[in-house]
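Enquirer:
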Amino acid sequence: MLLPLSRDLAVLRPTLIRQLVDAAPPGAVNLGLGQPMLDPPPALSTALATAAFERATYSANAGIPALREAVAAAHRVDAAQVLVTAGAEQALFLAICGTLEPGQTLLSPAPGFPVYELIANWRGARSRDYRLMAEDQFRLRAAQVIEELDGAAAIVLASPANPTGAMHSESELRLLLEALEHRGIPYISDDVYASLGFAGECVLPRQLSPNGISIGSLSKSHALMGWRLGWLIASAEWVRGIIPLQQMTLTCASVPIQRAAVHAFSPQGVESSRAIAAELRRRRDLALEFVAELPDVPLPASDGGLYLFTDLSAYGSDDVALAHRFLDGGVIVIPGQAFGPAGKGFVRISFGVEEDELREGFARLKRALGRVSHSQP
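Under my numbering, the first residue of the sequence shown is numbered 3, with each subsequent residue one higher.
1. Quick one: what's got a C-beta closer than 6 Å to L85's C-beta in the same chain, skipping five residues either side?
2. Taking a contact to mean a Cβ-Cβ separation below 7 Å, would you say G89 touches L308 in this structure?
3. Taking A279 as the reference, which of A25, L40, P27 has the closest Cα?
4. Using the C-alpha atoms, what's the distance from L310 back to D143?
5. Ignoring anything shorter than 3 residues, give me the beta strand (DSSP E) runs that lie fully in the region 13 to 92, in order along the chain.
6. Within its chain, find whatever has a CB closer than 8 Å to the CB of V374; leave out the 5 residues flanking it on each side and keep chain order.
7. Which value, in whole angstroms, describes the spacing of the CA atoms of A97 and I190?
8. So for F328, helix, strand or coil by DSSP?
9. Would the beta-carbon of L109 fall within 7 Å of that of A154?
10. Which residue's Cα is closest to the Cα of E119: P111, P113, S129, R125?
11. Could you tell me the distance, in whole angstroms, from the CA atom of K384 to the CA atom of V79?
12. What first and last residue would you give for the beta strand (DSSP E) that runs through P111?
13. What are the boundary residues of the alpha helix (DSSP H) that Y1 is part of?
14. Let me make sure I understand the geometry here. Which of H265, A303, G243, A344 has the alpha-carbon closest to that of S47?
15. So K368 packs on L296, CB below 8 Å; how close in whole Å?
16. Between the alpha carbons of F348 and D193, how many angstroms are there, rounded?
17. Which same chain residues end up closer than 8 Å to I121 when comparing Cβ atoms and leaving out the 5 residues on each side of it in sequence?
18. Give every residue of the same chain whose Cβ lies closer than 8 Å to the Cβ of D10, excluding the five residues on either side of it in the sequence, and list them in chain order.
19. Quickly, what does DSSP pair P165 with across the bridge? List them, please.
20. Rounded to whole angstroms, what's the CA-CA distance from R176 to L210? Just pull it up for me.
21. I think I148 touches I187, with their Cβ atoms under 8 Å apart; what is that distance to the nearest whole Å?
22. Can we say the region 244 to 253 touches the region 261 to 275, given the rule of at least three CB pairs closer than 8 Å?
23. Just reading off the beta strand (DSSP E) that I190 is part of, what are its end residues?
24. Within this structure, are the beta carbons of G306 and P113 separated by less than 7 Å?
25. Measuring straight from C-alpha to C-alpha, what distance separates A289 and S304?
26. Along the beta strand (DSSP E) that carries G214, what are the first and last residues, could you check?
27. Mapping the DSSP letters down to three states, classify A280 as helix, strand or coil.
28. Once the 5 residues before and after S216 are set aside, which same chain residues still bring their CB inside 6 Å of it?
29. Tell me whether the beta-carbon of M169 lies closer than 7 Å to the beta-carbon of G199.
30. Is the beta carbon of A313 sitting closer than 7 Å to the one on P300?
31. Tell me, please, which residues DSSP counts as bridged to R1.
32. Can you grab the Cα-Cα spacing for the pair R286 / L7, in whole Å?
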């Protein structure tokens with residue numbers, strides 16, 4: 003007998019990101035996934051080792067008090083406004099599902115992280131793009147986004163952005179947030195790359211307006227991707243309302259991980275995050291040097307984050323086909339269309355890997371481009 007599979011699952015599909023990574027041949031250099039390949043901060047590793055010998059009871063659905071208080075203090079909110087999650091994607095799931103009704107519309111950045119649309123569709127809602135333009139280095143232009151607000155029930159903001167690395171200016175962000183408040187539209191702010199701002203301090207929506215949900219995690223800031231520890235910040239009333247969904251889907255984040263994560267907000271943990279950001283900035287600069295050596299490839303802007311969103315349109319408009327050519331050449335990059343039609347002709351290159359892998363990956367890219375005719379259709 004075949005097990006039945008819910009028809010609702012038909013709206014879900016593996017992202018093109020995962021399809022490319024899963025199809026990689028053995029030995030391929032992975033410049034696809036956004037992983038800072040660095041050792042865990044020692045203070046957190048030590049804390050986790052200690053926590054592993056303590057009784058691993060359940061915590062409250064919203065998280066252990068010490069961690070909620072630490073997150074709250076870092077963001078200057080009340081602990082009742084914090085919900086601890088199993089990574090940022092679970093926080094996004096709760097935020098989008100808890101904000102939208104079926105049939106409502108979520109505005110998402112284009113190009114942008116595909117999970118926003120997938121979660122909205124799973125909820126029975128619609129996702130509509132607001133375009134971020136290459137000629138603006140994909141930075142926010144508030145007036146253009148305001149024109150797209152009619153009919154929207156919520157909007158996703160991300161800075162530094164995935165895949166573009168663009169950071170939104172305070173002035174443009176403030177203009178947009180004022181328009182959102184006037185229309186009663188909440189924001190959902192994906193802040194997971196906030197610690198990796200290379201073009202000055204990253205100004206977050208919550209610093210300017212409380213009328214939304216902020217998403218954070220330790221994955222990028224502390225190179226703890228596999229710990230799956232994130233959080234969301236919203237009004238205390240909204241957090242109380244979403245806890246039943248947290249209870250049904252997770253119960254609580256891993257308690258030993260939560261106990262160790264408290265130390266991410268200690269002076270040693272904050273210093274570790276700064277050191278990680280400095281090292282990733284160095285790798286970013288090295289990756290930009292490598293891009294400059296690729297024939298007929300313009301230098302991408304990279305205000306922050308983990309990626310260079312690189313224009314390869316001189317080698318044809320089919321970035322998906324190019325990504326498969328690179329895969330055949332032993333290097334993984336992500337085609338721009340994985341982030342929506344607005345990414346056509348671009349590829350996302352992660353500079354989170356160690357330096358030797360970064361050098362080898364770009365060497366393979368350069369060889370593969372040498373076998374591609376310019377301006378292929």
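In this text, a Cβ means the ideal position worked out from N, Cα and C, and glycines have one as well. Fair warning: this is a prediction, and the values are worked out from it, not measured in the lab.
Expert: The short version:
1. A64, L234, V241
2. no
3. L40
4. Asp is not the amino acid found at residue 143; the sequence shown has Arg there. Approximately 20 Å between the Cα atoms of the pair.
5. Counting only runs of 3 or more, we get 84 to 87.
6. Y317, G318, L324, R327
7. 7 Å
8. Helix at F328.
9. yes
10. S129
11. The structure shown does not extend to residue 384, since the chain is modelled only from 3 through 379, so no value can be given for it.
12. 107 to 112
13. The structure shown does not extend to residue 1, since the chain spans only 3 to 379, so no value can be given for it.
14. With distances taken between Cα atoms, S47 lies closest to H265.
15. 6 Å
16. 23 Å
17. L94, F95, I98, C99
18. W124
19. Answer by DSSP bridge pairing: none, since P165 is not bridged.
20. 7 Å
21. Approximately 10 Å separates the beta-carbon atoms of I148 and I187; this is outside 8 Å, ruling out the contact.
22. The region 244 to 253 vs the region 261 to 275: no contact.
23. 189 to 192
24. With respect to P113, G306 sits apart: the two C-beta atoms are not nearer than 7 Å.
25. 11 Å
26. 214 to 219
27. helix
28. S191, D193, R208, I235, listed in sequence order.
29. In this structure, M169 places its C-beta atom within 7 Å of the C-beta atom of G199.
30. The identity of residue 313 in the sequence shown is Asp, whereas the question assumes Ala. For D313 and P300, yes; Cβs fall inside 7 Å.
31. Residue 1 lies beyond the residue range present for the chain, which begins at 3 and ends at 379; the question has no answer from this structure.
32. 43 Å
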